[in-house]
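For any residue, its number in the working numbering is found by taking its place in the sequence shown, counting from 1, and adding 174.
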Amino acid sequence: MYQQQLSHLPSSIKRKTLNSIVKSLVERLEPLKIAAIIHDKDVNEEGDSIEKHVHVVLQFENQRSLERLAKVLNEPQISSFQQWRGNVNNAYSYLVHQTKEAKGKYQYQLEEVKANFDYPALMSDITKKIEQKIKMKDSEIIKSLLDQLGAGELSKDEVILNLTGSQFAKAKKQINDVYQQVQEQKSKFWLEEQKSKNEPITVIWIYGSSGTGKTALAKKYADEQNVKYFITGSSRDSFQHYDGEHLVILDELRPTTFNYDDLLKMLDPFGENPKAPSRFFDKSLMIDIFIITSPYSPKQFYDEIFRHKKTVDSFGQLQRRITFVQFITQDYFEMQNYNDLEKKYISVEDTRQKNYLLEKLKKKYNTNGRQTYDKFNQLLTK
C-alpha cells in the first residue's frame with residue numbers, strides 16, 4: 175500500500191491528479207495490479223477535515239522491498255510504502271472504506287477508484303464471499319482457508335488473520351501442517367530449477383568487529399537486489415519467521431549458531447531439499463542469495479568450532495560454498511581471498527574502499543535522536 179498527502183507527492187509525479195499518480199506509478203514501478211483513490215472527505219475524531227491524500231494498492235509478480243520502491247519513485251518517505259498485513263482483498267476494500275475497521279468513515283463510491291482491472295467486479299466478488307462466510311460453520315471456514323493455503327492462494331499470515339481466536343486455536347496444528355507441506359513442495363520445485371540451471375547459491379561473507387556497519391552493508395547489498403529479504407533473528411531460533419524468501423541475511427553468525435553440518439547443508443543448493451533447523455519444525459529453504467555477517471572470517475569461524483574436537487569435515491567444504499569474502503573496519507572495507515600457505519584471508523589488490531556507511535549511520539541516528547528528544551521535550555514544557 176502506498177499512501178501520501180497530495181501536497182507531499184514526490185517530484186516524479188508531475189500532477190496531483192489520480193490519473194497522473196497512477197500513470198507515474200505504473201511507468202516507474204511496473205505493478206501487476208494497481209488500484210488507487212484520492213480520499214478528500216476524511217475527517218478526524220474532532221470532525222476536522224483531513225488533508226487530501228492518495229491510497230494505492232500495488233501487487234507485483236515478484237516480491238519487492240519497500241526501500242527499493244521508494245528509491246525508484248524518488249519518494250523520500252519510505253514509510254509511505256507499507257506491506258499490507260493480511261488478505262489483499264481487505265486492502266482493496268479499504269480504498270472505499272468497506273472494511274470492519276473503517277465502518278464509521280466516509281464511504282467512497284466504487285467509481286472513484288482507478289484500477290488496471292475490473293475493480294467493481296472484484297468488490298462484488300469480495301462481498302459475496304463475506305456473505306457466504308457469515309453463514310458458514312467454524313469447520314467449513316477452517317477447511318476453506320486450509321484449502322486456499324494448500325493451493326497457494328493465501329499465505330499463512332492471511333489464513334490466521336481470517337480466523338477468530340477460537341477458530342485459530344482449533345486449526346493451529348492443521349495450519350502448520352499444511353504450511354509445512356506447501357513450503358516443502360515449493361522448495362522441491364526451486365531445487366529442481368536450480369539443478370536444471372546448474373546455478374549455485376551466491377554466498378557473500380562479510381566479517382569485522384562490532385560497530386563497523388556489517389549489517390548495514392548487508393542490507394545495502396540486499397536492497398540493490400530489488401526483492402523482499404529475510405533477516406535471521408536470535409540464535410535460539412534463527413529461521414522461525416522465514417517464509418520462503420529467496421534472499422537471506424544470516425546476521426551475526428557465530429560458531430554456536432548452527433552445527434557446522436547444518437550450515438554446510440543450508441549453503442548447498444544441490445543437496446536433497448535443503449533445510450534450516452528451527453524450534454518447531456525444520457524450514458525448507460529456497461535461497462538464491464545468502465549474505466552472512468560475522469565477527470569471524472570463514473577460517474576463524476571454522477577453527478573456533480573445532481578448536482577442542484576432532485572432525486572429518488574440512489574447511490574446504492565451507493570455503494567452496496562462499497562466492498566472496500568482504501572484510502570491513504570502521505575506516506574501510508575490502509575483498510579478501512583465502513591464502514592456503516598462510517592459512518588465512520588476505521586482501522585482494524585494488525579492492526579497498528573507504529567506509530562511508532558509519533558516517534551515514536551516525537548522522538541518521540543523531541538526527542532521529544534529536545527529533546525524538548525535541549518531541550519529548552515539548553511534552554515536558556506544555
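A virtual CB, placed ideally from N, CA and C, is assigned to each residue, including glycine.
**Message:** Counting beta carbon pairs with one atom in the segment 474-494 and one in the segment 526-533, are three or more of them shorter than 8 Å?
**Reply:** no
**Asked** Which value, in whole angstroms, describes the spacing of the CA atoms of His-271 and Asp-216?
**Response** 10 Å
**Request:** Would you check if there are 3 or more beta carbon pairs closer than 8 Å linking the segment 395-405 to the segment 421-431?
**Result:** yes
**Gln-257, buried or exposed, once every other Cβ within 10 Å from all chains shown has been counted against 16** = exposed
**Prompt:** With 16 as the cutoff for other CB atoms within 10 Å, does Thr-431 come out buried or exposed?
**Reply:** buried
**Prompt:** So, helix, strand or coil for Ala-295, using DSSP?
**Reply:** helix
**Request:** Report the three-state DSSP secondary structure of Trp-258 (helix, strand or coil).
**Result:** coil
**Asked** Any idea what DSSP makes of Ser-223, helix, strand or coil?
**Response** strand
**Message:** Here's the rule: buried if 16 or more other CB atoms are within 10 angstroms of the residue's CB, otherwise exposed. What is Glu-201?
**Reply:** exposed
**Item:** 7 Å Cβ shell around Leu-296 - same chain, five flanking residues per side excluded
**Value:** Tyr-266
**Message:** Any beta carbon of chain D sitting closer than 9 Å to that of Gln-355?
**Reply:** No chain D appears in this structure, which consists of one protein chain only.
**Asked** Who pairs with His-271 in a beta bridge, going by DSSP?
**Response** Answer is none; His-271 lacks a bridge partner.
**Prompt:** What residues in its chain sit with their C-beta under 6 Å from that of Thr-406, if we drop five residues either side in the sequence?
**Reply:** Ser-412, Leu-424 and Asp-425
**Request:** Select from Gln-233, Arg-495 and Ala-392 the residue whose C-alpha is nearest the C-alpha of Asp-442.
**Result:** Arg-495
**Message:** DSSP has Ile-211 in a bridge; who is on the other side?
**Reply:** His-229
**Asked** Given 8 Å as the limit, is there contact between the segment 202-209 and the segment 246-261, that is, 3 or more CB pairs closer than that?
**Response** yes
**Asked** Near Gln-493, what residues of its chain come up, given a Cβ to Cβ distance below 7 Å and the 5 sequence neighbours on each side ignored?
**Response** Pro-472 and Tyr-512
**Asked** Using a Cβ-Cβ cut-off of 7 Å (strictly less than) and excluding sequence neighbours within five positions of Leu-206, which residues of its own chain qualify?
**Response** Gln-233, Phe-234 and Glu-235
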